[in-house]
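A short worksheet on the structure shown next.
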Amino acid sequence: GAVVSQHPSWVICKSGTSVKIECRSLDFQATTMFWYRQFPKQSLMLMATSNEGSKATYEQGVEKDKFLINHASLTLSTLTVTSAHPEDSSFYICSASLVASYSNQPQHFGDGTRLSIL
Amino acid sequence: DAKTTQPTSMDCAEGRAANLPCNHSTISGNEYVYWYRQIHSQGPQYIIHGLKNNETNEMASLIITEDRKSSTLILPHATLRDTAVYYCIVRVVDPSGSARQLTFGSGTQLTVLP
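Sequences listed follow chains A and B, in order.
The first sequence lines up with residues 3 to 120 when you count with the numbering used here.
The second sequence lines up with residues 17 to 130 when you count with the numbering used here.
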């Protein structure tokens, strides 16, 4: 149980295009999903917190107009990298937690999306 | 959330137990200890978590010291597939029940040797 699916797993596109990444909780509902970014040889860094039915909360230094997050249902959150440039090339990972009254529930992660901007 | 300290890297012989330490000396009473691992080019995989009691599941055991200032993740019989970066993360329990993000440190690169 507690499977998080992320799509696509790998994408290459030209500079200036927009890329949408989907994160789905397959067998549970998640009111909150998280988006992380990981550069080579570095650890995961939180980009934003996605809440179903409301605006996402972005970490300091993350441009909300560049990284658009939509969380329209309890099982789907999307991250759109708008007007992508080579410096946006990274490994993007989402996570989700079960909706539960026990806040110690672990988060479960997708397998990530490797984005390469040419 | 409290900060954690882990060794940068460790080696373990295949078939032997891998013991990964984590120091979290500033942990507070409402913070849980979580362990995740990340195999190269994949998303982090949840392993185990605990508050103050030792925990065991099909993947590993978690030993938390009585003062809760450190913990050890034990993989009882390491295999080559256990080679990964292991993250020890401390996270506060939110009384409202809402989910909270995880703050990842540098982790420990465990290499299981044949």
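Just so it is clear, CB atoms sit at the ideal spot from N, CA and C, and this is done for glycine as well.
Please list, in chain order, all residues of the same chain as residue i whose beta carbon is under 6 Å from its beta carbon, the five residues on each side excluded.
i	result
Thr80 of chain A	Lys22, Glu24 and Asn72
Ser41 of chain B	Lys85
Glu54 of chain A	Thr33, His73 and Leu76
Glu47 of chain B	Ala18, Val106 and Val108
Arg39 of chain A	Met47, Met49, Ser92 and Tyr94
Rounded to the nearest angstrom, what separates residue i and residue j at their Cα positions?
i	j	result
Gly31 of chain B	Pro92 of chain B	8 Å
Pro108 of chain A	Gly121 of chain B	17 Å
Ser11 of chain A	Cys96 of chain A	12 Å
Val13 of chain A	Arg116 of chain A	6 Å
Ala76 of chain B	Thr20 of chain B	19 Å
Tyr103 of chain B	Gln31 of chain A	25 Å
Report yes if the C-beta distance between residue i and residue j is below 8 Å; otherwise report no.
i	j	result
Asp113 of chain A	Gln58 of chain B	yes
Ala100 of chain B	Ile55 of chain B	yes
Ile64 of chain B	Ile79 of chain B	no
Pro60 of chain B	Phe111 of chain A	yes
Val88 of chain B	Leu126 of chain B	Checking the displayed sequence, the identity of residue 88 of chain B turns out to be Thr instead of Val. The answer is no: Cβ separation not under 8 Å.
Using C-beta distances below 7 Å, list every residue in its chain close to residue i, excluding the 5 sequence neighbours before and after it, in chain order.
i	result
Pro130 of chain B	Glu30 and Leu96
Leu67 of chain B	Tyr48
Ser7 of chain A	Arg26, Leu28 and Gly112
Val64 of chain A	Met49 and Ala50
On the DSSP bridge assignment, give the partners of residue i in chain order.
i	result
Met35 of chain A	A:Ser52 and A:Ala98
Asp27 of chain B	B:Thr127
Met47 of chain A	A:Arg39
Pro60 of chain B	According to DSSP, Pro60 of chain B bridges with nothing at all.
Chain B partners of residue i, CB-CB under 7 Å?
i	result
Ile23 of chain A	Here the premise fails: no neighbours, minimum Cβ distance about 12 Å.
So which residues of chain B does residue i contact, with C-beta pairs closer than 8 Å?
i	result
Asp113 of chain A	Gln58 and Gly59
Ignore the nearest five residues each way along the sequence and tell me which others in residue i's own chain have a CB closer than 8 Å to its CB.
i	result
His87 of chain A	Ser17, Gly18 and Ile119
Phe69 of chain A	Trp37, Met49, Ala50, Tyr60, Leu81, Thr82, Val83 and Thr84
Asp67 of chain A	Thr84
Who are the neighbours of residue i on chain A, taking C-beta pairs under 7 Å?
i	result
Gln117 of chain B	Phe36, Leu48 and Thr51
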